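Q: A single structure is presented below for examination.
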Amino acid sequence: MNKFLRLFVQRSDFLLSAVTWLFVFIYTSHAWSLNRQTLTLDYTPMHVAIVSCLFISFFAFLIYFEFFRRRLKSYQTVILNVTIINVLLLMWLFNIGFVAILLIIFLVKFSDYEPKKLVLYLLICLPFFMALVLHYGFEKEFVLLNGLAFTLYNSFAYRFATRLISERKAKEQAAHLLRELKATQSLLNDTATRDERIRIARDLHDTLGHHLTGLSIHLEVASHCASAQAPKHVAKAQQITRLLLSDVRDSVSSMRENQTIDLYASLNSLCSDVAGLNVTLEYDPAIKISDALLAQTLFHAIQEAITNTIKHSDADELNITLRLENQTVQLHIKDNGNKSAELNLGNGLKGMQERLALVKGAIEFKHSDNGFAIDATLPHKLNPHTLA
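Heads up: the sequence shown begins at 38 in the numbering used here, then just goes up one per residue.
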């Protein structure tokens, strides 16, 4: 039940548009059959089929806008032009009438494409311009008032739609920044914990370990200098000191060995709940990152890939794979955008190249009809002597 309600809320705009379209279709067809409207076409089977195709074509636009807009972005211009022509034909055939409601729906959807202001203003005023032609050119009655009314409806719908679009984009941007902030905070916290563990291990080795070593030496000397009963107690103390020293060394070794940064947790947070993009993360458990620079390089590379896909791609899926091969980390990122275009490296992709160069890594970008892909290779462990 909850799943159904969530789906209903997510698709409420589409459902409302579809119900409105169906009402306009049925009402207009019924009024036409009763000759309640003065029409250009007679009510014949052939004409009914033509008008029905025009209405169905508009419903196809609603389906495209809701489900295939990102994936079929290359057909966007053709679909928009065909749809507005269909609406114009219907408005002309039915003397504007209720069909002008379809223009309101189209205008709201069209605003999401951020078109030029002139085009929008022409669409808003289209009912009034058509009413002038029908009234003075073809002596149609009552169309002027109808055209003016729908022009005002269009104006209100456009203003309301642009405000909703602005609020939605601001919300998505805030969610995107919050997600990146949480992921970055997770990485910083884990890196800070690792650094603190190393500091404590160093302090244990330099202070407690040093003093225990000195104590052991003094006890060794005392065992040779004391009375007959003293060596027994000194030997016992020396044994305990050696055990303590051994425990300290084991603790220091254990703390130094456990320096792995939990990169997966940070990446999982970064890839979760991305608006408009289904991100899949595959992380090889064999990857153990202990160097902060390497962890940051991988994190920022994936962060930039997600941002780049949202801003510049028509993809709705992004697959990220990290695996360990021959002591190197293999990073593969692939989206399902299907629009092949010339590859231009922006500041984000160039920055990705520069970050990988700092850790002696390599990266390759590929763009084809199957989508955009990034292949990168990084060392599993950094050698400080090879970093320039």
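Glycine included, every Cβ here is placed at the ideal spot set by N, Cα and C. A quick note: this is a predicted structure, and the numbers were derived from the prediction, not measured.
1) So what does DSSP say about Asp-412, is it helix, strand or coil?
2) Which whole-angstrom value is the C-beta distance of His-417 and Leu-361, which I expect to be below 8 Å?
3) Once DSSP output is grouped into helix, strand and coil, what is the label at Ile-63?
4) Is the separation between the beta-carbon of Asp-382 and that of Val-396 shorter than 8 Å?
5) Consider the C-beta atom of Pro-164 and the heavy atoms of the ligand FMN; say whether any pair is separated by less than 7 Å.
6) Are there 16 or more other CB atoms within 10 angstroms of the CB of Met-167, so buried, or fewer, so exposed?
7) Of all the options Ala-55, Ala-329 and Leu-359, which has the alpha carbon lying nearest to the alpha carbon of Lys-146?
8) Since Lys-110 sits in a beta bridge, which residues does DSSP pair it with?
9) Can you say whether Arg-392 is buried or exposed, counting buried as having 16 or more other CB atoms within 10 angstroms of its CB?
10) Please classify Lys-371 as buried or exposed, where buried requires at least 16 neighbouring CB atoms within 10 angstroms.
11) Judging by CA-CA distance, which residue of Leu-189, Leu-171 and Gly-313 is the nearest neighbour of Phe-105?
12) Is Glu-209 helix, strand or coil when you go by DSSP?
13) How close, in whole Å, do the beta carbons of Ile-161 and Tyr-195 come, if the pair is a contact with beta carbons under 8 Å?
14) Taking C-alpha atoms, which residue in Leu-318, Ile-347 and Phe-96 lies nearest to Asn-356?
15) Hey, out of Tyr-320, Asp-412 and Val-124, whose CA is closest to His-369's CA?
16) Going straight from the alpha carbon of Asp-299 to that of His-349, what length do you get?
17) Should Ser-49 go down as buried or exposed, given a rule of 16 or more other Cβ atoms within 10 Å for buried?
18) For Asp-406 and Ser-94, what's the separation of their Cα atoms in angstroms?
19) Identify whether Val-396 lies in helix, strand or coil by the three-state DSSP scheme.
20) With DSSP run on the structure shown, which of helix, strand or coil describes Phe-131?
21) With 16 other CB atoms within 10 Å as the buried threshold, where does Glu-204 fall?
22) Quick one: give me the first and last residue of the alpha helix (DSSP H) that His-337 is part of.
23) Using the C-alpha atoms, what's the distance from Ile-141 back to Trp-58?
24) Alpha carbons only, please: which of Asp-351, Ala-198 and Ala-302 is nearest the one belonging to Asn-315?
25) Would you kindly work out how many angstroms separate the C-alpha atoms of Thr-75 and Leu-155, rounded to a whole number?
26) Out of Tyr-301, Phe-60, Thr-81 and Val-311, point me to the one whose CA is closest to Pro-322's CA.
27) Quick check: the Cα distance between Phe-135 and Thr-65, rounded to an integer number of angstroms?
28) Are the beta-carbon atoms belonging to Leu-307 and Arg-216 less than 8 Å from one another?
29) Taking the runs of the beta strand (DSSP E) that are 3 residues or longer, which of them lie wholly in the segment 145-178?
30) Starting from the C-beta of Thr-188, find all residues in its chain whose C-beta is less than 6 Å away, skip the five residues before and the five after it, and write them out in chain order.
31) If I measure Cβ to Cβ from His-422 and keep anything under 7 Å in the same chain, skipping five residues before and after, which residues do I get?
32) So what's Leu-304 in DSSP terms, helix, strand or just coil?
33) Applying the 10 Å Cβ sphere with the 16-neighbour rule, what's the burial state of Gln-364?
34) Would you say Thr-120 and Phe-143 are within 8 Å of each other, going by their C-beta atoms?
35) Alpha carbon to alpha carbon, how far is Ser-327 from Glu-151?
36) If you compare alpha carbons, which of Phe-98, Asn-132 and Trp-129 is closest to Asn-118?
A: Quick look at the numbers:
1) Indexing the sequence shown from 1 puts residue 412 at position 375. Residue state, collapsed to three classes: strand.
2) Translated into positions along the sequence shown, residue 417 becomes position 380. Translated into positions along the sequence shown, residue 361 becomes position 324. With a Cβ gap of about 6 Å, His-417 and Leu-361 count as contacting.
3) As a working mapping, residue 63 is identified with position 26 in the sequence shown. It is helical.
4) To locate residue 382, count along the sequence shown from 1; it is residue 345. To locate residue 396, count along the sequence shown from 1; it is residue 359. For clarity, residue 382 is Leu in the given sequence; the question names Asp instead. No.
5) Among the components of this structure there are no ligands whatsoever, and the ligand FMN is therefore not found.
6) Here residue 167 refers to the residue found at position 130 of the sequence shown. Result: buried.
7) Translated into the one-based positions of the sequence shown, residue 146 becomes position 109. Nearest C-alpha to Lys-146: Ala-55.
8) The count along the sequence shown starts at 1 and reaches residue 110 at position 73. Bridge partners of Lys-110: none, in fact.
9) Within the sequence shown, residue 392 is the residue found at index 355, counting from 1. Its Cβ being crowded by 16 or more others within 10 Å, Arg-392 is buried.
10) Residue mapping note: residue 371 aligns to position 334 of the sequence shown, counting from 1. Result: buried.
11) To locate residue 105, count along the sequence shown from 1; it is residue 68. Closest option to Phe-105, Cα to Cα, is Gly-313.
12) In the sequence shown, counting from the first residue as 1, residue 209 sits at position 172. DSSP places Glu-209 in helix when its eight states are reduced to three.
13) Mapped onto the sequence shown, residue 161 falls at position 124. Mapped onto the sequence shown, residue 195 falls at position 158. Going by Cβ atoms, the distance from Ile-161 to Tyr-195 rounds to 6 Å, so yes, they are a contact pair.
14) Within the sequence shown, residue 356 is the residue found at index 319, counting from 1. Asn-356 has its Cα closest to that of Leu-318, out of Leu-318, Ile-347 and Phe-96.
15) Locating residue 369 in the sequence shown gives position 332, counting from the first residue. Nearest option by C-alpha distance: Asp-412.
16) Locating residue 299 in the sequence shown gives position 262, counting from the first residue. Locating residue 349 in the sequence shown gives position 312, counting from the first residue. Rounded to whole angstroms, Asp-299 to His-349 spans 30 Å at the Cα level.
17) Start at 1 with the first residue of the sequence shown, and residue 49 comes out as number 12. Answer is exposed; the Cβ neighbour count stays below 16.
18) Position 369 of the sequence shown, counted from the start, is the residue given in the question as residue 406. Position 57 of the sequence shown, counted from the start, is the residue given in the question as residue 94. For Asp-406 and Ser-94, the distance between alpha carbons rounds to 27 Å.
19) One-based indexing of the sequence shown puts residue 396 at position 359. Coil, per DSSP.
20) For the purposes of this step, residue 131 is identified with residue 94 of the sequence shown, where counting begins at 1. It is coil, neither helix nor strand.
21) The residue labelled residue 204 in the question sits at position 167 within the sequence shown. That one is exposed.
22) In the sequence shown, the residue the question calls residue 337 occupies position 300. Note, His-337: alpha helix (DSSP H), 329-349.
23) As a position in the sequence shown, residue 58 is number 21, starting the count at 1. As a position in the sequence shown, residue 141 is number 104, starting the count at 1. One C-alpha to the other measures close to 11 Å.
24) In the sequence shown, counting from the first residue as 1, residue 315 sits at position 278. For the residues Asp-351, Ala-198 and Ala-302, the minimum Cα distance to Asn-315 belongs to Asp-351.
25) Position 38 of the sequence shown, counted from the first residue, corresponds to residue 75. Position 118 of the sequence shown, counted from the first residue, corresponds to residue 155. The pLDDT assigned to Thr-75 is 48, lower than 50, so where the model puts this residue is not dependable, and the model offers no usable value.
26) To locate residue 322, count along the sequence shown from 1; it is residue 285. Checked all of Tyr-301, Phe-60, Thr-81 and Val-311; the closest Cα to Pro-322 is Tyr-301.
27) Locating residue 135 in the sequence shown gives position 98, where the first residue counts as 1. Locating residue 65 in the sequence shown gives position 28, where the first residue counts as 1. Going by the C-alpha atoms only, they are around 7 Å apart.
28) Counting from 1 along the sequence shown, the entry for residue 307 is found at position 270. Counting from 1 along the sequence shown, the entry for residue 216 is found at position 179. Yes; because the gap between Cβ atoms is below 8 Å, this pair is in contact.
29) none
30) Within the sequence shown, the letter at position 151 stands for residue 188. Result list for Thr-188: Cys-162, Pro-164 and Phe-165, in chain order.
31) Indexing the sequence shown from 1 puts residue 422 at position 385. Low confidence applies to His-422: its pLDDT is 48, below 50, so where it sits in the model is not reliable, and the reading given next is rough at best. There are no such residues.
32) Working through the sequence shown from its first residue, we reach residue 304 at position 267. Of the three classes helix, strand and coil, the one that applies to Leu-304 here is helix, per DSSP.
33) In the sequence shown, residue 364 corresponds to position 327, counting from 1. Exposed.
34) Your numbering for residue 120 matches position 83 in the sequence shown. Your numbering for residue 143 matches position 106 in the sequence shown. Yes, they are a contact pair.
35) Numbered from 1 along the sequence shown, position 290 holds the residue referred to as residue 327. Numbered from 1 along the sequence shown, position 114 holds the residue referred to as residue 151. Between Ser-327 and Glu-151, the C-alpha separation is close to 46 Å.
36) What you label residue 118 is simply residue 81 of the sequence shown in a count that begins at 1. Residue Phe-98 is the option with its Cα nearest to Asn-118.
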